[in-house]
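**Q** These protein sequence lines map, in sequence, to chains P and F. The first sequence begins at 2 in the working numbering and counts up by one. The second sequence begins at 19 in the working numbering and counts up by one.
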Amino acid sequence: MSDTSTQNPDAVADVLSAREAYNAGLARSGARGRSWTVAAIVLILLIALPALQFVGNYNYALHMALYTLMYVAMASSWNILGGYTGYVSLGHNVFFCIGGYVSGMILAKMGVSTLITAPLAGLVAAAVGVGVGTITLRMRGPTFIISSIALLMIVRILFDNWGYVGGANGVTLPVTDLDVRWAKIPYYYAMLVIALLAVVASYRIKHSKFGLGLRAISQDEVKAESAGIDTATYKVAAFAVSAFFVGMTGAIWGEYLTYLRPNIFLIILVAAYMVLMCIIGGKGTVTGPIVGAILIVAFNEFFAATLGASEINILATGLIMVLVLLYFPLGVVGTLAQKGRLPRFLDWD
Amino acid sequence: MGHTLQILILGLCLGGVYALMACGLSLVFGVMRIVNLAHPSLIIAGAFISYWCFTLFGIDPILSLPISAAILFVIGLILYKLVFEKEARSAKYSEMTVLLTFAVAMVVDGALGAMFSNTQRVTSPDYATDAFFFGTIFLPKGQLYAGLISIAIIIGLVAFLRYTRLGYAIRATSQNRAAAELLGVNVNFVSLISFGIGVGLAGAAGSLVSFVFSFFPAKHWEWIAILMSLVVLGGMGSVQGTVIGAFLLAVISAFVGAYAGATWSTMTFFVALFVILLVRPQGLFGEKPEHV
Chain P
2 MSDTSTQNPD
12 AVADVLSARE
22 AYNAGLARSG
32 ARGRSWTVAA
42 IVLILLIALP
52 ALQFVGNYNY
62 ALHMALYTLM
72 YVAMASSWNI
82 LGGYTGYVSL
92 GHNVFFCIGG
102 YVSGMILAKM
112 GVSTLITAPL
122 AGLVAAAVGV
132 GVGTITLRMR
142 GPTFIISSIA
152 LLMIVRILFD
162 NWGYVGGANG
172 VTLPVTDLDV
182 RWAKIPYYYA
192 MLVIALLAVV
202 ASYRIKHSKF
212 GLGLRAISQD
222 EVKAESAGID
232 TATYKVAAFA
242 VSAFFVGMTG
252 AIWGEYLTYL
262 RPNIFLIILV
272 AAYMVLMCII
282 GGKGTVTGPI
292 VGAILIVAFN
302 EFFAATLGAS
312 EINILATGLI
322 MVLVLLYFPL
332 GVVGTLAQKG
342 RLPRFLDWD
Chain F
19 MGHTLQILIL
29 GLCLGGVYAL
39 MACGLSLVFG
49 VMRIVNLAHP
59 SLIIAGAFIS
69 YWCFTLFGID
79 PILSLPISAA
89 ILFVIGLILY
99 KLVFEKEARS
109 AKYSEMTVLL
119 TFAVAMVVDG
129 ALGAMFSNTQ
139 RVTSPDYATD
149 AFFFGTIFLP
159 KGQLYAGLIS
169 IAIIIGLVAF
179 LRYTRLGYAI
189 RATSQNRAAA
199 ELLGVNVNFV
209 SLISFGIGVG
219 LAGAAGSLVS
229 FVFSFFPAKH
239 WEWIAILMSL
249 VVLGGMGSVQ
259 GTVIGAFLLA
269 VISAFVGAYA
279 GATWSTMTFF
289 VALFVILLVR
299 PQGLFGEKPE
309 HV
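#1: What first and last residue would you give for the alpha helix (DSSP H) that runs through F:I77?
#2: With 16 as the cutoff for other CB atoms within 10 Å, does P:T118 come out buried or exposed?
#3: If you run the structure through DSSP and keep just helix, strand and coil, what is P:L343?
#4: Just reading off the alpha helix (DSSP H) that P:I218 is part of, what are its end residues?
#5: Excluding sequence positions up to five away, which residues of its chain have a Cβ less than 7 Å from the Cβ of P:V325?
#6: Check the Cβ-Cβ distances between P:P344 and every residue of chain F, and say whether any is below 8 Å.
#7: Give me the chain P residues within the contact set of F:T281, using Cβ-Cβ distance strictly less than 9 Å, ordered along the chain.
#8: Let me make sure I understand the geometry here. Which of P:K340, P:V56, P:Y23 and P:L277 has the alpha-carbon closest to that of P:P391?
#9: Kindly indicate which residue of P:L327, P:Q339, P:K207 and P:R345 has the alpha-carbon position closest to the one of P:R20.
#10: Where does F:I171 sit, in a helix, a strand or coil, going by DSSP?
#11: Between the C-alpha atoms of P:I150 and P:G92, what's the straight-line distance to the nearest angstrom?
#12: Starting from the N-terminal side, write out each stretch of the alpha helix (DSSP H) that is 4 residues or longer and does not extend beyond the stretch 135-196 of chain F.
#13: Identify, in the order they occur along the chain, each residue of the same chain with its Cβ nearer than 7 Å to the Cβ of P:G168, setting aside the five sequence neighbours on each side.
#14: Counting C-beta neighbours from all protein chains within 10 Å, is the total for P:S227 16 or more, i.e. buried, or is it exposed?
#15: Beta carbon of F:G128, beta carbon of P:I136: below 8 Å?
#16: At the level of alpha carbons, what is the spacing between P:V200 and F:F207?
#17: Indicate the three-state DSSP secondary structure (helix, strand or coil) for F:F265 in the structure shown.
#18: Determine which residues of the stretch 138-151 of chain P have a Cβ less than 8 Å from any Cβ of chain F, and write them out in chain order.
#19: Under 8 Å Cβ-Cβ, which residues of chain P neighbour F:P299?
#20: Any idea what DSSP makes of P:T318, helix, strand or coil?
#21: Work out the CA separation of F:S112 and F:H21 for me, nearest whole Å.
#22: Count the other CB atoms, across all protein chains shown, that sit within 10 Å of the CB of F:D148; report buried if there are 16 or more and exposed otherwise.
#23: Tell me which same chain residues have a C-beta within less than 8 Å of the C-beta of P:L53, skipping the five on either side of it?
#24: Grab me the residues of F:G263's own chain with a C-beta within less than 6 Å of its C-beta, minus the 5 sequence neighbours each way, in chain order.
#25: Which whole runs of the alpha helix (DSSP H) in the stretch 231-281 of chain F are 4 residues long or more, in chain order?
#26: Counting only beta-carbon atoms, is F:T191 nearer than 8 Å to chain P?
#27: When DSSP labels each residue in this structure, what does P:T173 get in the three-state scheme?
#28: Please return the same chain residues whose Cβ sits closer than 6 Å to the Cβ of P:V39, not counting the five positions on each side in sequence.
#29: In chain P, which residues lie with their C-beta within 8 Å of the C-beta of F:M39?
#30: What three-state label does DSSP hand P:Y88 in the structure shown?
#31: Tell me the rounded alpha-carbon separation between P:G132 and P:Y204.
#32: Could you confirm whether any beta carbon from chain P is found closer than 8 Å to the beta carbon of F:I242?
#33: Alpha carbon to alpha carbon, how far is P:C98 from P:L267? Give it in angstroms, no decimals.
#34: Closer than 8 Å by beta-carbon distance: list the chain P residues that pair up with F:V122, in chain order.
#35: Pop quiz: F:L302 and F:T286 are said to be a contact at Cβ under 8 Å. What is the actual Cβ separation, rounded to whole angstroms?
#36: Which residues share a DSSP beta bridge with P:L261?
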């Protein structure tokens, strides 16, 4: 016994602290249940938010809420692949783009609103996800990350040069004929529903056998496979689920902006935000991406209001990402959970 | 026939430049298993140094090459000390560093964009737009000089790796980190120096890039996939393999560009990257790695 501790004290300490944290976590979740009240209150407030339009013009607040909900949905679904499964994709906005273009082109050619076709856009994105995932998920670690960037570059060139969808200039979509006061509301509710679905899906996956398999893959894929997990299918399924929700948000976002253009969807910043939100909130936790999305959107808005230029924004995003990765790798939720100080309403893991 | 030869020559000139751009990336990966996504953004930083030397003081980009290489070398040392030394102990090192270098790339991109704005620039010494003519075939001077200088620098690098004590240490660390450490190599120092050299090579490449291509701060996202394809094709971490990969892909993309249009010539690299990662992830000359 004493031999092992002298040989490698760090490893032993790691194991001990991990076991302690695990036991503490078990004790905690045993002692208290889920905080349904806070979740319900937040949801009711979000549903009631558009009522502000009766008393004045709160379009800005609605826009910010919609924008945050979009990123909650995207970060939560990125988390299914990047957080639970451990496959970091830096090209996930490819599915955002595919979703946006599928629904957007249907709207432009046939006049069917994206509010109706969003699930279809999600399915197409998921199908593409299955195709791409079958190929790229055979790679692991850094190689997978590089392949995801290559995918982003390929799709960017394709969309920039595809005449049917307007190439780099994109397509203009018909503007809604609702009064300006109510114009945002359908999209707001659509985003709310998608965000809710994505978060619920993320929660359900985490607490299922499927999620357990995904987390086993992120720990050690070879051992997971030898324990009888069909890793190939699990990974592709996670990729598809993740692409599905990202595709749906893309569909709504396209019509909301009233135009489609490759440089809305396929810029590296969108992909970086998804990653950053998950890491800053807590990668692999259910509530982490939500916290991260709120923090990053608020921070961005603050920066845009005070400093303006988007270059400064890229600089600041990069700087925060470096600092978080170096000094705060577990994120808000992860760090609080490790210290046993996680408030109950954030504890859904 | 003349047409084919012409394309081949242009491809080979560009291949030299690509090789220099990518070999720093390869060196850093070989020694530290860091996939340095910030490498192309640092090349652009080097290009800006040469650009301003030329615009403000009239210094030829070829002459300012040592300046930008030296500045970037120091930046490399600082980056390693600040960011990567700390991470070296973490278990998921190479995956973590991909995210870190990605973030560093954003910082460099944002800083350059904020200072100099995202407009297309190019350094234009006289030779950049001049050419030698041999009958129907022409040799653009700028690309020729850039290609030759790149090859000279790479030969210098290979000689350094092969014939100096530090070079031995770098190669030993690259082959087997633990064994090198056991034999008394100061692995941390070697990592520091080779990261510095890798980034310094980015600076040198930047000076050449400044008159071969037009550049702007956000352009590096396109280059990262191009450079990765060269490195992956040659076998990650092997400088010689990277050089061969660079010439091969540059020539192929020159032919694709000539027959199918410039858009698809860039696409060659991305598709090649995808295919290589799938079919032969260890590259043409690499050995089967422990974890892909």
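For glycine and all other residues, C-beta sits at the position ideal for the given N, C-alpha and C.
**A** Per the coordinate set shown:
#1: Taken as a continuous stretch (DSSP letters only), F:I77 belongs to no alpha helix (DSSP H), as it is neither H nor E.
#2: buried
#3: Three-state result, P:L343: coil.
#4: K210 to Q220
#5: I280 and I281
#6: Not flagged as an interface residue toward chain F: P:P344, since no C-beta distance is shorter than 8 Å.
#7: I158, D161 and N162
#8: Beyond the ends of chain P as shown, which are 2 and 350, falls residue 391 of chain P; an answer cannot be given.
#9: P:Q339
#10: helix
#11: 5 Å
#12: Fully enclosed alpha helix (DSSP H) runs of 4 or longer: 159-181 and 183-193.
#13: These residues qualify, in order along the chain: D161 and N162.
#14: exposed
#15: no
#16: 46 Å
#17: It is helical.
#18: Cβ contacts with chain F come from R139, M140, R141, G142, P143, T144, I146, I147, S148, I150 and A151.
#19: The contacting residues are M140 and T144.
#20: helix
#21: 44 Å
#22: exposed
#23: Excluding five sequence positions before and after P:L53, the CB atoms of its chain that fall closer than 8 Å to its own CB belong to Y59, A62 and L63, given in chain order.
#24: L248, L251 and G252
#25: Qualifying alpha helix (DSSP H) stretches, in chain order: 238-252 and 257-278.
#26: no
#27: strand
#28: F346
#29: Residues of chain P whose Cβ lies closer than 8 Å to the Cβ of F:M39 do not exist; the shortest such Cβ separation is about 16 Å.
#30: coil
#31: 25 Å
#32: yes
#33: 6 Å
#34: Neighbours of F:V122 on chain P, chain order: G319 and V323.
#35: 16 Å between Cβ atoms; not a contact.
#36: P:V172
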